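Residue numbers for the sequence shown follow the numbering used here, so the first one is 47 and each next one is one higher.
Where a beta carbon is used, it is the ideal one built from N, C-alpha and C, also for glycine.
Please read all numbers here as calculations on a predicted model, not as lab measurements.
Heads up, the thing below is written out as structure tokens.
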Amino acid sequence: MLHHAGKADPNVAAWSATVDAPALFVSAITIMELETGVLQIERRDPGQGALLRAWLDGHVLPEFTGRVLPIDTAVALRCARLHVPDRRSERDALIAATALVHGMTVVTRNVADFAETGVTILNPWD
């Protein structure tokens, strides 16, 4: 959901209007992915990078203060169980494991990345 927040997809906007913002959490892995993406764009296109930096630092990080889920021992062990039988992206496995450990739903348009993990998936882009 965060990767596309600036694109104002009407389905995502409609869904997000029905959700209580304090009920939303984000994985530390997602924060890492966002920071990596912003850093890469800042190097290629400083103007676009500045816009994305302002979005991440001024909106996303403050919005999720106190609601960033860490990678702890329980998440690491659950991730290993996801990763061994079916080698998948470690980032996706860590996000899925975080959701499983905390009893949460992964909100993504990349449903295939989380298939077969056992995590509940919601795709508000559909």
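- Minimum Cα-Cα distance from G149 among the listed residues A54, V157, A60, R124 corresponds to R124.
- Around T144, the same chain offers S73, L115, V121 as residues with beta carbons nearer than 6 angstroms, after the five sequence neighbours per side are excluded.
- DSSP, read as helix, strand or coil, puts T154 in coil.
- Under the Cβ criterion (8 angstroms, minimum of three pairs), the segment 127–140 does not count as touching the segment 104–113.
- In the DSSP annotation of this structure, T163 is not part of any beta strand (DSSP E), being labelled neither H nor E.
- Looking at the DSSP output, S73 sits in a beta bridge with L115.
- Taking a 10 Å sphere around the C-beta of T154, we find 16 or more other C-beta atoms and assign the residue as buried.
- Buried is the label assigned to L140, since at least 16 other Cβ atoms lie within 10 Å of its Cβ.
- With distances taken between CA atoms, L70 lies nearest to L107 out of V84, I87, L107.
- Within the segment 117–150, the runs of alpha helix (DSSP H) at least 4 residues long that lie entirely inside it are, in chain order, 119–129, 136–148.
- With 16 or more other CB atoms across the displayed protein chains lying within 10 angstroms of its CB, D138 is buried.
- For N57, the enclosing alpha helix (DSSP H) begins and ends at 56–62.
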